[in-house]
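Enquirer: Taking the numbering used here, the leading residue of the sequence shown gets 5, the next gets one more, and so forth.
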Amino acid sequence: MYKVTPTVLGDKVDFKMPIKEFYDAIGEDGMRALMYDFYDIIYESDIANFFPQDHDEFEKVKVKNTKFFIEICGGPKVYDGNTTGLELNEFMVRLHDDFSIYEKSRLEWLGCMREALEKLDIAQELKDDFWDYVEKFSKLTVNTTVEGNKYFANL
Ligand code: HEM
């Protein structure tokens, strides 16, 4: 339950898409509620600095990213991002390329997700399955280590 395994940079990330039962249990409105709650938690978190500080701009990210999650969980194809020609792994890496994401940032992201999921009143095994997906898939966003930090090297 809410297990976290460490990211090993360079290792292939094996993940499994979430089972359709999770989406079926909460529906599109439930997915939206979950993800909006999650991004509201992100906005108050230690990784808020990665996201737009302007409230309206942040709302846009929230709406756009939520559509991605609706689609990936088996809902309608509503995501308006461009995934053409790329495998999902590669797409995910590229999406986060512009940001220096540490393992620590991923753990904070997952902590926010855990908080939102815990409030959700559905069978624990469905939440565990979604967790398993985000826990693994999020490894694709980690692209920076403390050792690779340009200032750390001068200490
Ligand atoms: C399973 C995990 C994750 C998924 C599925 C995910 C998915 C996405 C998606 C779909 C976008 C939108 C790209 C677009 O269409 O423009 C995005 C943007 C972003 N993600 Fe993630 N992400 C994940 C984890 C993380 C983590 C761990 C961080 C850590 C900081 C992060 C930070 C960001 C940032 C900063 C943006 C850009 C927001 C903006 O447009 O300004 N994500 N992510």
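Cβ atoms here follow ideal geometry from the backbone N, Cα and C, with glycine treated the same way.
Remember, it's a predicted structure, so these values are computed and weren't measured experimentally.
(1) Which of the three DSSP states, helix, strand or coil, is assigned to GLN128?
(2) Quick one: does the C-beta of GLY89 sit closer than 6 Å to a heavy atom of the ligand HEM?
(3) Should MET117 and ILE74 be called a contact, given that it needs their Cβ atoms to be closer than 7 Å?
(4) Hey, is TRP113 close to the ligand HEM, as in C-beta under 6 Å from one of its heavy atoms?
(5) Roughly how many angstroms lie between the CA atoms of TYR40 and ALA127, to the nearest whole one?
(6) Compare the Cα-Cα distances from ASN147 to each of THR9, PRO80, LYS7, LEU13 and report the closest residue.
(7) Among GLU91, SER104, ALA29, which has the Cα closest to the Cα of PHE19?
(8) PRO22: buried (16+ other C-beta within 10 angstroms of its C-beta) or exposed?
(9) Examine the ligand HEM and report whether any of its heavy atoms sits within less than 6 Å of the Cβ of ILE23.
(10) Just checking, does the stretch 101-111 make contact with the stretch 57-77 on the three C-beta pairs under 8 Å criterion?
(11) Give a single yes or no on whether ASN53 has its beta carbon closer than 6 Å to a heavy atom of the ligand HEM.
(12) From ASN86 to ASN69, what distance separates their C-alpha atoms?
(13) Which term fits THR145, buried or exposed, when burial requires 16 or more other beta carbons within 10 angstroms of its beta carbon?
Expert: This is what the structure gives:
(1) helix
(2) no
(3) no
(4) yes
(5) 20 Å
(6) LEU13
(7) GLU91
(8) buried
(9) no
(10) no
(11) no
(12) 12 Å
(13) buried
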